[in-house]
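Residue numbering for the sequence shown follows this note's numbering, beginning at 131 and increasing consecutively. No residue lacks a Cβ here, since even glycine has one placed at the ideal position from N, Cα and C. Quantities reported herein were computed from a predicted structural model and do not represent experimental measurements. Worksheet for the structure shown next.
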Amino acid sequence: MRPWVRSAAWSAAGAALLAAVVVGSAAIGPVRIPPETVLKSVLNAVAVPAGIETSAGGVGPLPIPGVGPLTIPGVDLAFASPFAFPVDSVHQQIVVGVRLPRILLAALVGFALAAAGTVMQGFFRNPMADPSIIGVSSGAAVGAVAFIVFPAALSTTVALPLVGPVEVALSRGAGTSLFAFVGALVAAFGVYAIATRNGRTPVATLLLAGVAVQTFLGAVVSYLQLQAGESLRQIVAWLMGHLSGAAWSEVAVTAVVVPPLFAVLLAYARDLNVLLLGEEEARGLGIAVERTKRVLLAASALVTAAGVAFAGVIGFVGLIVPHMLRLVVGPDHRVLLPSAALAGGTFLVAADTVARSAAAEYPVGIITAAVGAPFFIYLLVTREVTEL
Numbered sequence: 131m132r133p134w135v136r137s138a139a140w141s142a143a144g145a146a147l148l149a150a151v152v153v154g155s156a157a158i159g160p161v162r163i164p165p166e167t168v169l170k171s172v173l174n175a176v177a178v179p180a181g182i183e184t185s186a187g188g189v190g191p192l193p194i195p196g197v198g199p200l201t202i203p204g205v206d207l208a209f210a211s212p213f214a215f216p217v218d219s220v221h222q223q224i225v226v227g228v229r230l231p232r233i234l235l236a237a238l239v240g241f242a243l244a245a246a247g248t249v250m251q252g253f254f255r256n257p258m259a260d261p262s263i264i265g266v267s268s269g270a271a272v273g274a275v276a277f278i279v280f281p282a283a284l285s286t287t288v289a290l291p292l293v294g295p296v297e298v299a300l301s302r303g304a305g306t307s308l309f310a311f312v313g314a315l316v317a318a319f320g321v322y323a324i325a326t327r328n329g330r331t332p333v334a335t336l337l338l339a340g341v342a343v344q345t346f347l348g349a350v351v352s353y354l355q356l357q358a359g360e361s362l363r364q365i366v367a368w369l370m371g372h373l374s375g376a377a378w379s380e381v382a383v384t385a386v387v388v389p390p391l392f393a394v395l396l397a398y399a400r401d402l403n404v405l406l407l408g409e410e411e412a413r414g415l416g417i418a419v420e421r422t423k424r425v426l427l428a429a430s431a432l433v434t435a436a437g438v439a440f441a442g443v444i445g446f447v448g449l450i451v452p453h454m455l456r457l458v459v460g461p462d463h464r465v466l467l468p469s470a471a472l473a474g475g476t477f478l479v480a481a482d483t484v485a486r487s488a489a490a491e492y493p494v495g496i497i498t499a500a501v502g503a504p505f506f507i508y509l510l511v512t513r514e515v516t517e518l
């Protein structure tokens, strides 16, 4: 069977499983909701453009020479839902307003971490590699913890043409996510810069640089925790991974960033297969090795940063899921990458469902570690681990 046919088949199966887990997760909680009601609530929330209408707001009045003050009316798209299933309004609000944003954010974050973990394991030819190996998680932790301990007022005034001065401000939660994202990228590209000499980036040097930077950033996080005071509880919750309080705005930002970056990784899946043979062999087969390594590292760092920015540090998703899927679908990244990404989304949605269904809600990172670590030990004991 052709690789892309196998990829489509496994991806369809993974997408179906993810959809089923999402519906099941949305039905579980303090208020039990039947799965058919969940589906009806989701369909009722679907809205399509139905026309254009003017809004009460607008721009103006604007001083127009020779004309006088002029107000430009606002124009908005009118949306309408093609579905109108009879659903209890409380159930509709619980599903669409409370549970679905958290579930979809979990799916996107798990998707991103598993995709990045798959690429890192292939890149380093080591089944023990994960997205944090190039310092992304440690950098995100430093950025987020630094902002929590020393919060800054992220507001400014921007002068817009025809509108005038407009104040733009970020909430505390958005500031934490922004600093985590920036910290992740600074750490990842810092590791790359340390490991690069004369335009070449040896994999072994990159690995050692990543370990050194992770250790240093871990010390920085520990120091910041000593300075945290009353913020320590918030820091610990962020470092354990969390999805509580997820909003549609966070889902939207993650959904805009993750799929295009995943498309870049998938476009290089064949090149990643060739890199498994070794760099010299890959050059002999016509692969631009250094450019491919730069693209894979940059896309992996960005997609991981997008995942951890809103959810905190969640371990084992990028390590255990690619390893498991490699045993099932094989090492061809054209099949493995989309399959593992979808499985990562499914795994994190299921883990978060367990976390929020407990008597006292647990950070999702505890669940992923509690499930992932014993299973990974079982794999190590029962199977011989070799270089990819």
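Taking all protein chains in view, the Cβ of ALA271 is crowded by 16 or more other Cβ atoms within 10 Å, so the residue is classified as buried. In the three-state reduction of the DSSP assignment, VAL178 falls in the strand class. In the displayed model, ARG255 falls within coil according to three-state DSSP, outside both helix and strand.
DSSP places ARG327 in the strand class (E or B) of the three-state scheme.
Taking C-beta separations shorter than 6 Å and ignoring five residues to either side along the sequence, ALA488 has no partners in its chain. DSSP places GLY227 in no alpha helix (DSSP H); its state is neither H nor E. With a contact defined as Cβ atoms closer than 8 Å, VAL494 and LEU369 miss out at about 12 Å. For the options GLN223, ARG162, ILE264, the alpha carbon positioned closest to that of LEU427 is the one of ILE264. Where TYR508 is concerned, the enclosing alpha helix (DSSP H) starts and stops at 494-512. The beta carbons of LEU395 and THR422 sit no closer together than 8 Å. The three-state reading of DSSP puts GLU380 in helix, counting H, G and I together. With respect to the 8 Å criterion, LYS170 and VAL226 are not classified as neighbours on the basis of their beta carbons. Taking a 10 Å sphere around the C-beta of GLN344, we find 16 or more other C-beta atoms and assign the residue as buried. Taking VAL465 as the centre and dropping the five residues before and after it, the same chain places the C-beta of PRO133, ARG136, SER137, TRP140, VAL459 closer than 8 Å to its C-beta, in chain order. Counting only the Cα atoms, ALA429 lies some 11 Å from ALA318.
The criterion of a C-beta distance shorter than 8 Å is satisfied by VAL438 and ALA310. A distance below 8 Å between beta-carbons, with the five flanking residues on each side excluded, links ALA500 to no residue of its chain.
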